[in-house]
Amino acid sequence: MDSEGAIKRRRRGDVLEDAILDAAWDVLSEGGHGAFTLDAVARRAHTSRTVLARRWDDRAALMKAALWKRGREEDEGALDTGSLRNDVLVLLGNASLRPDRYEALLYASASGDALADGAERARLREIFLSDSVTRMEDVWFRAVERGEAPEGGIDPWLLALPFDLFSAEVLMTRQAPGALRLAWIVDEVFMPLVRARMT
3 MDSEGAIKRR RRGDVLEDAI LDAAWDVLSE GGHGAFTLDA VARRAHTSRT VLARRWDDRA
63 ALMKAALWKR GREEDEGALD TGSLRNDVLV LLGNASLRPD RYEALLYASA SGDALADGAE
123 RARLREIFLS DSVTRMEDVW FRAVERGEAP EGGIDPWLLA LPFDLFSAEV LMTRQAPGAL
183 RLAWIVDEVF MPLVRARMT
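Under the working numbering, the first residue of the sequence shown is numbered 3, with each subsequent residue one higher.
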């Protein structure tokens with residue numbers, strides 16, 4: 003290949019970054035958080051780990067960027083990544099990257115009066131999670147149609163579980179869970195419970 007051809011094929015700037023983030027999403031969606039390493043993403047993106055390290059400090063930062071990119075794309079239309087696992091991961095990623103969504107939760111957690119009784123706590127949870135739960139119902143019904151989730155009535159506790167864990171993390175740490183933590187919630191807690199209901 004001549005040097006001119008090599009230059010034409012060399013990716014730079016936004017083109018390279020998009021390719022890396024798409025590769026990162028592919029690695030995460032196919033292998034889960036355990037398989038998500040900088041080396042794996044570099045191989046998938048046909049680039050080097052050094053190139054990744056120039057842009058992101060560690061795998062958590064890269065995963066966060068990949069979730070943000072996919073979440074932004076999904077927000078432009080109806081959320082449907084093609085799998086229940088990935089839909090839930092995107093929903094959690096969107097929530098963690100939108101601090102305005104949990105500002106009220108943080109404020110209320112610092113106020114003893116706001117959490118004084120069960121009615122107020124239930125109201126707070128409804129305000130904080132209502133949109134997420136509605137979207138969870140949508141992705142659940144699509145998962146049932148694809149055969150990824152059991153038919154029959156929805157288990158409201160299971161459906162709310164990812165965002166219950168999310169909100170618990172916010173209350174305990176005063177910040178949204180990181181991308182690695184979100185992937186753990188989906189891969190190690192939520193999806194095993196869904197699969198258990200399929201047997």
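Where is the CB? At the ideal position from N, CA and C, for every residue including glycine.
Quiz prompt | Under the three-state DSSP convention, the category G36 falls into | solution = helix
Exercise. Tell me, please, whether the region 178 to 191 touches the region 60 to 74 by the rule of three or more beta-carbon pairs shorter than 8 Å.
Key: yes
Practice problem: Can you give me the Cβ contacts of L238 inside the same chain, cut-off strictly under 7 Å, excluding the 5 residues immediately before and after it? | Solution: For the chain, the structure presents residues 3 to 201; residue 238 sits outside this window and is missing.
Quiz item: Near P164, which residues of its chain fall below 7 Å by C-beta distance, leaving aside the five closest residues on each side in sequence?
Solution: V90, L94, I187, V188, F192
Practice problem: Assign G15 to one of three DSSP states: helix, strand, or coil. | Solution: helix
Quiz item: Looking at the structure shown, is A151 part of a helix, part of a strand, or coil, going by DSSP?
Solution: coil
Self-check item: Helix, strand or coil at W27 according to DSSP, with G and I counted as helix
Solution: helix
Quiz prompt | Identity of the residue in W142, R148, V172, L81 nearest G155 by Cα | solution = W142
Practice problem: Take D82 as the anchor and find which of L195, R144, R51, A26 has the nearest alpha-carbon. | Solution: R144
Quiz item: Where V146 and L86 are concerned, what is the direct C-alpha to C-alpha distance, given to the nearest angstrom?
Solution: 9 Å
Quiz prompt | Beta-carbon proximity of V43 to A25, cut-off 8 Å | solution = yes
Quiz item: Which value, in whole angstroms, describes the spacing of the CA atoms of D20 and N88?
Solution: 19 Å
Self-check item: Which of helix, strand or coil DSSP assigns to M65
Solution: helix
Practice problem: Quick one: grab the DSSP three-state call for T175. | Solution: helix
Self-check item: Buried versus exposed call for S50 [16 or more other C-beta atoms within 10 Å across all chains shown]
Solution: exposed
Exercise. Using the Cα positions of S113 and E171, report the straight-line distance between them to the nearest angstrom.
Key: The pLDDT assigned to S113 is 45, lower than 50, so where the model puts this residue is not dependable; a value taken from the coordinates is nonetheless given after this. One C-alpha to the other measures close to 17 Å.
Practice problem: Given a cut-off of 8 Å, decide if R46 and D59 are closer than it, judged by their beta-carbon atoms. | Solution: no
Quiz item: What residue from R56, G36, A37 has the CA that sits closest to G15's CA?
Solution: R56
Self-check item: For M65 and L30, believed in contact at Cβ under 8 Å, the rounded distance
Solution: 6 Å
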